[in-house]
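S.K.: First the structure, which I've put down as C-alpha cells, then a few questions once you've had a look.
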Amino acid sequence: MRRHGAAPTTRTTTPRVIRLEHIHKHYGQGARRVTALQDLSLEVAPGEVYGIVGASGAGKSTLLRVINLLERPDQGEVQVDGQALTRLDAPGLRAARQRIAMIFQHFNLLSSRSVADNVAWPLRIAGWDSARIAPRVAQLLARVGLADQAHKYPAQLSGGQKQRVGIARALALEPRVLLCDEATSALDPETTRAILALLAELNEELGLTIVLITHEMEVVRQVCDRVAVLEGGRIVEQGPVSEVFLHPRSETARRFVLAAEHLDEQAQREDFAHVAGAIWRLSFLGDSTYAPLLGEVARRTQLDFGILNGRIGRIKRQPYGQLDIAVSAGDLPAARALLAERGVDVQELRA
Ligand SMILES: Nc1ncnc2c1ncn2[C@@H]1O[C@H](COP(=O)(O)OP(=O)(O)O)[C@@H](O)[C@H]1O
Ligand SMILES: [Mg+2]
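Dropping the structure here:
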C-alpha cells in the first residue's frame, strides 16, 4: 500500500472546485470572543466527496457556511468554481450561490407547504415559469424515490423521506456543489446508509462535488474519497480516507477511527502484554484483501504467528483489512519483504 498522507495539498495543475485559503473566522468580542476557524486552507477537486469530521464545536458548520459565504471570513479567500466569492457584489454572490446547494441535519423544510412545493421553492425564487416547474419537480421527486409523496406535508414523512425532499430541493437548480451539514445525524443507521447511498449515486451520475461534515468517521468511511479532521478550528490531519482510516496520525483522528470501529485501545494493550515476541499490524487494501497471502508467507518463511485483533470492511467500495499479529518464530525480514511485495503494509507495533 502506498502512503499518501505526506503528499502536498496544493497542486496548482489540478483543477479545484473549492479552494479556501488561510481562512480566519471569529464570533463575538472581548471576553466573549470565540475563534471558530484558524488559518484554514482546503481544496476540493471536481466530483470529489470530501468529508470533514470533528467533534461538536470544532468549527464544522462555520467551515461549511464559509464555503457559500453565509458566514463571511475575517480573513482569507473563498473560491468556488473558479470565482472568488469574497470579491463578488451582492447580485454576483446570489448567482454564485445557485450553484452551491445545502442540506441540513433537521432538513429545514417549510412545514406548511407540500413536498412538491418545497422542491419547487428554489425554482420559484429563481423566477422559473410555472409551466416548467411542475415537470422539473416531478423529475426531482422521482430521482430521490418520492414520486408518490408529492402532495404530502413534511409532518407526514419519515426522517429519511424528509431528507430526500431536502436533497430534491437542493438539486433543483443543478448545483455544482452540495454542502451537507450533519445530513444523516438525525437518522437511524439503516436510513443513514440509504441516504449516503443516494448521495454517492448523485455524485457519480451528476459529477456533483459533495462536501460532507459529520461527527462520525463511519459516515466518512461509507461515502468519502478524502477527509479532513477538524479540531479547534484547524485541520489537524487530511488525506485519502483509506490513509486516515488505516493509519491515523493525529490523536483526534485516532479517536474517531477507534469509535467508528468499536475498538478499545486499552483492551488491545492488555492483550499485547500477554504475548511475547514481535507484534505487527498488517493493513490490506483493495486486491490484497482477498489473496491467501498469510498462509503462503507462513510456509515460505516458517513464520509462526497468532492473531490478536482484526477488522475488515469497506472504505467506499474498496475492501480493507487490518490484522494485528504476534510473531513468534521464522525468518521475519523475509516475511516482511514478501508481504510488502504483495502490497501489504506492515507496521511494527513492537519489535
Ligand atoms: N453565531 C455564533 N455566535 C457565536 N459563536 C458561535 C456562533 N456559531 C458558532 N459559534 C461558536 O464557534 C465554534 C464553532 O462552532 P460550529 O462551527 O457550529 O462547530 P460545529 O459545527 O463543529 O459544532 C463553537 O465554539 C461555537 O460555539
Ligand atoms: Mg455544526
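The sequence shown begins at 210 in the numbering used here and counts up one residue at a time. Glycine is no exception: its CB is placed at the ideal position from the N, C-alpha and C atoms.
Can you tell me which of the three DSSP states Phe-313 falls into?
M.R.: strand
S.K.: Report the three-state DSSP secondary structure of Gln-372 (helix, strand or coil).
M.R.: helix
S.K.: With Val-289 and Leu-421 assumed to form a contact (beta carbons below 8 Å), what rounded beta-carbon distance in angstroms separates them?
M.R.: Incorrect: roughly 16 Å between the Cβ atoms, too far for contact.
S.K.: Between the beta-carbon of Gly-268 and the beta-carbon of His-233, is there less than 8 Å?
M.R.: No, Cβ-Cβ distance for Gly-268 and His-233 is not below 8 Å.
S.K.: Roughly how many whole angstroms lie between the Cα atoms of Gln-365 and Phe-316?
M.R.: Looking at the two C-alpha atoms, the distance is approximately 14 Å.
S.K.: Can you tell me the Cα-Cα spacing of Arg-212 and Glu-452, whole angstroms?
M.R.: Unreliable positioning characterises Arg-212 in this predicted model, as indicated by a pLDDT of 47, which lies under 50. The coordinate reading is nonetheless provided below. Between the alpha carbons of Arg-212 and Glu-452 lies a distance of about 7 Å.
S.K.: Please report the distance separating the alpha-carbon of His-483 from that of Pro-501.
M.R.: 28 Å
S.K.: Along the alpha helix (DSSP H) that carries Gln-307, what are the first and last residues, could you check?
M.R.: Neither: Gln-307 is in no alpha helix (DSSP H) and is coded neither H nor E.
S.K.: Is it the case that the Cβ atoms of Val-253 and Thr-418 are separated by a distance below 8 Å?
M.R.: yes
S.K.: Please check the pair Val-429 and Val-450, which I expect to be a contact at CB under 8 Å, by giving their CB distance rounded to whole angstroms.
M.R.: 6 Å
S.K.: Which partner residues of Trp-489 appear in the DSSP bridge assignment?
M.R.: For Trp-489, which the question treats as bridged, DSSP gives the partners Ile-534, Glu-557.
S.K.: What are the boundary residues of the alpha helix (DSSP H) that Asp-290 is part of?
M.R.: Counting along the chain, Asp-290 falls outside any alpha helix (DSSP H), and DSSP gives it neither H nor E.
S.K.: Hey, quick one: how far does the alpha helix (DSSP H) through Ala-543 stretch, first residue to last?
M.R.: 541-550
S.K.: Please classify Gly-260: is it buried, with 16 or more other beta-carbons within 10 angstroms of its beta-carbon, or exposed?
M.R.: buried
S.K.: So for Asn-518, helix, strand or coil by DSSP?
M.R.: Secondary structure of Asn-518 (DSSP, three-state): strand.
S.K.: Ligand 1: which residues have Cβ under 5 Å from any of its heavy atoms, chain order?
M.R.: Going down the chain, each residue whose beta-carbon is closer than 5 Å to a heavy atom of ligand 1 shows up: Tyr-236, Val-243, Ala-245, Ser-265, Gly-266, Ala-267, Gly-268, Lys-269, Ser-270, Thr-271.
S.K.: Taking the alpha-carbon of Gly-368 as reference, which of Arg-341, Asp-397, Cys-389, Pro-344 has the nearest alpha-carbon?
M.R.: Asp-397
S.K.: Using 8 Å as the threshold, is the C-beta distance between Asp-513 and Ser-537 below it?
M.R.: yes
S.K.: Could you round the C-beta distance between Leu-408 and Val-432 to whole angstroms and report it? I think they count as a contact, below 8 Å.
M.R.: Confirmed, Cβ separation roughly 6 Å.
S.K.: From what residue to what residue does the alpha helix (DSSP H) around Leu-407 run?
M.R.: 398-415
S.K.: Excluding the five sequence neighbours on either side, which residues of its own chain have a C-beta within less than 8 Å of the C-beta of Ala-485, listed in chain order?
M.R.: Ala-535, Ser-537
S.K.: Consult DSSP for Gly-256 and reduce its assignment to one of helix, strand or coil.
M.R.: Gly-256 falls in the coil class under three-state DSSP.
S.K.: Within 10 Å of its beta-carbon, does His-165 have 16 or more other beta-carbons around it, so buried, or fewer, so exposed?
M.R.: The chain is shown only over 210 to 560; residue 165 falls outside these bounds and no answer can be derived.
S.K.: Exposed or buried, what is Asp-540 when buried is set at 16 or more other beta-carbons lying within 10 Å of its beta-carbon?
M.R.: exposed
S.K.: According to DSSP, simplified to helix, strand and coil, what is Lys-361?
M.R.: Under the three-state reduction of DSSP output, Lys-361 falls in the coil class, being neither helix nor strand.
S.K.: Any heavy atom of ligand 2 closer than 7 Å to the beta-carbon of Asp-206?
M.R.: Outside the shown range of the chain (210 to 560) lies residue 206, about which nothing can therefore be said.
S.K.: Let me check understanding here. Comparing Cα to Cα, which of Leu-415, Ser-320, Gly-515, Ala-304 lies closest to Ala-335?
M.R.: Ala-304
S.K.: Kindly indicate which residue of Arg-225, Ser-339, Gln-370, Leu-387 has the alpha-carbon position closest to the one of Arg-274.
M.R.: Leu-387
S.K.: Looking at Ile-227: is its Cβ nearer than 8 Å to the Cβ of Ile-276?
M.R.: Closer than 8 Å, so yes.
S.K.: Can you give the Cα-Cα distance for Thr-218 and Ala-379, rounded to whole angstroms?
M.R.: Annotation note: pLDDT 49 at Thr-218 (below 50); position unreliable, coordinate value reported separately. In a straight line, the C-alpha of Thr-218 is about 29 Å away from that of Ala-379.
S.K.: State yes or no: is the C-beta of Leu-278 within less than 8 Å of the C-beta of Leu-302?
M.R.: Going by C-beta atoms, Leu-278 is nearer than 8 Å to Leu-302.
S.K.: Which complete alpha helix (DSSP H) runs does the segment 439-513 hold, if anything under 4 residues is left out?
M.R.: 450-455, 460-469, 474-482, 502-510
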